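The next block holds one structure in the form of structure tokens; read it before the comments.
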Amino acid sequence: MRMFDVLHKLDSQDKQANRGRRTAATDRQRSLAAQSQTRVYHKCLESRILLQRPLQADIPENAVERQSAVEVCNALLVQLIHARRQLAPDKFARDTSNLADIETKVSAADPTEFHNSLQLEHEVLENEWETVFNRRHKDVRLQNGQAAEKSFRVVDASFWQQVVSTTQYEESKDKEFDDSKVYQHLLKDFCTSSTANISGSTAPLKAKRSSKSTRKQVDRRASKGRKVRYTAIPKLVNFTFPLSRPDTGSLDQDAWFQSLLGGVAHRT
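Per the UniProt record's numbering, the sequence shown runs over residues 1 to 268.
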């Protein structure tokens with residue numbers, strides 16, 4: 001019986017170790033996926049900020065500067081198209097996701113035809129974006145406890161439909177949507193996250209400095225020579241508060257000198 005107990009114990013330990021390894025592997029995969037999503041989000045946000053700069057900048061009057069601005073915009077457009085096709089490789093052919101091929105099409109394609117191709121890609125990916133946004137918005141609300149949030153909480157409409165309805169405008173108005181508030185919000189989040197990363201990396205140094213600054217400078221423990229070690233503050237050296245001294249003008253000074261020196265002091 002004792003041998004069977006030992007075998008049962010070993011079997012239980014093996015099962016527990018296997019469960020621990022599977023749990024660790026799953027947690028590691030989730031952590032890597034979360035880190036990858038965070039990096040992708042920051043890169044997309046950085047591209048969004050870079051895209052906002054040429055949109056808000058004035059068109060240069062000089063032909064050379066204008067050509068340089070167009071080249072910068074084309075390079076940014078190539079990077080954005082490449083990133084979008086890399087995020088959805090199953091929606092595009094493998095040869096169309098090549099960076100050199102995208103650069104050739106951007107530089108040599110007709111503007112109208114190229115715009116139509118980009119619009120077609122957008123329509124192809126729009127259905128997938130709608131599903132992803134609705135699912136992720138629901139998960140984020142449940143995790144953060146924001147089920148009672150005021151914005152985008154219509155019961156009979158999805159998150160994507162509510163976002164589309166808030167960004168729609170009348171056709172009679174100008175076909176340019178002012179997203180400066182959205183851009184400012186994204187820029188604020190980007191600066192906040194960058195500051196948080198910097199502060200997180202310098203946290204040990206700050207803690208070390210604070211521990212040094214709060215350290216007691218006076219050692220009141222009695223040493224062998226009964227000495228007290230302290231740090232002198234230069235501004236407080238030879239400093240004293242004003243003291244009120246008694247007025248001795250009304251006293252008999254002659255009696256004092258007579259008693260001290262054995263003679264009589266004459267007034268002049």
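For every residue, glycine included, the Cβ atom is placed at its ideal position computed from N, Cα and C.
Predicted, not measured: the structure shown is a model, and the values here were computed from it.
- Contact between the stretch 51-59 and the stretch 26-42 is absent: fewer than three C-beta pairs spanning the two stretches fall below 8 Å.
- Judged by DSSP secondary structure, GLU65 falls within the alpha helix (DSSP H) whose first and last residues are 63-87.
- Secondary structure of THR240 (DSSP, three-state): coil.
- The three-state reading of DSSP puts SER31 in helix, counting H, G and I together.
- For the pair LEU50 and LEU76, the CB atoms are nearer than the 8 Å cut-off.
- In its chain, beyond the 5 residues on either side, ARG85 have a beta carbon closer than 7 Å to the beta carbon of PHE92.
- Of all alpha-carbon atoms in LEU80, LYS181 and GLY20, the one lying nearest the alpha-carbon of SER47 is that of LEU80.
- With 16 or more other Cβ atoms inside 10 Å of its own Cβ, PHE159 counts as buried.
- Proximity to VAL124 across GLN16, GLN184 and PRO89 peaks at PRO89, based on C-alpha coordinates.
- Contact between LEU45 and LEU186 holds: their C-beta atoms lie close to 6 Å from each other, under 8 Å.
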